[in-house]
Amino acid sequence: MTARLSTPDPRTPWREAEFCVLDLETTGLDLRRDEIISYGAVIVRHARIPCGDVVYRQVRPSRPVSASAVTVHGLRAADLADAPPIDDVLNDLIGLLSGRLLVAHAAWVERAFLDRALRSRGRRLGRLVVDTAALLRAARLADSATGREPSLEAAAQRLGLPVHTPHHALGDAFTTAELLLVLATRMERTTRPLRLRDLYRVSQHHSA
0 MTARLSTPDP RTPWREAEFC VLDLETTGLD LRRDEIISYG AVIVRHARIP CGDVVYRQVR
60 PSRPVSASAV TVHGLRAADL ADAPPIDDVL NDLIGLLSGR LLVAHAAWVE RAFLDRALRS
120 RGRRLGRLVV DTAALLRAAR LADSATGREP SLEAAAQRLG LPVHTPHHAL GDAFTTAELL
180 LVLATRMERT TRPLRLRDLY RVSQHHSA
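Take the sequence shown: its letters are residues 0 to 207, numbered as in numbering that gives the first Met the number 0.
As structure tokens, then:
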């Protein structure tokens, strides 16, 4: 039996909460077999991004990195040879996620990989997860008819936000964190006070 990681009270106003904005790079996109090879995490606290609260780590996988994945993130087996295996960084991930609300862009990917990795510790993610791709669709800032996830870089540019090192886990986590702040602030125009459960419900309703 697995235990969920702790998360904030869903009734918490979003400006009073802490979020862990996370991005993963992997050996590929087979959710059952591929593995995490790097992660970037940015903490959002009280609707601000403290630049000192960021983490970037590489992880040595047990399977080869697919050629298609290398063309996206540029991480080769040689780059990961001295990195720790996933088991050695799980406590770090648990510490980052515990007591915070996970945020990711196209969060189904992060949820699948993290839940599989955490299983060896008898843990899994909390139920509430915020998906910035879903928030974009809810705000009608993404084309929902394509059947594809909205581009993180295109969304940031459209909203006048900087794009931080695309396809690098920490760069994408920074871009996602800034996107969260903009989209939540927009939602406050019609939902006051905006609570964590509101962000979660919109993420669920507009998921791909």
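Even for Gly, the Cβ is constructed at its ideal location relative to N, Cα and C.
For residue 40, the enclosing beta strand (DSSP E) has its first and last residue at 35 to 44. Take residue 149, set aside five residues on each side of it, and the residues of its chain with a beta-carbon closer than 8 Å to its own are 132, 135, 136, 140, 141, 142, in chain order. With a cutoff of 7 Å on beta-carbon distance, residue 85 and residue 128 are scored as not near each other.
By the criterion of at least three beta-carbon pairs nearer than 8 Å, the segment 61 to 73 is not in contact with the segment 102 to 118.
Rounded to whole angstroms, residue 52 and residue 166 show a C-alpha spacing of 20 Å.
One alpha carbon belongs to residue 60, the other to residue 34, and they sit about 6 Å apart. Look at residue 25 here: in three-state DSSP terms it is strand. Apart from sequence neighbours up to five positions away, the residues of its chain that approach residue 157 with a beta-carbon distance below 7 Å are 140, ordered along the chain.
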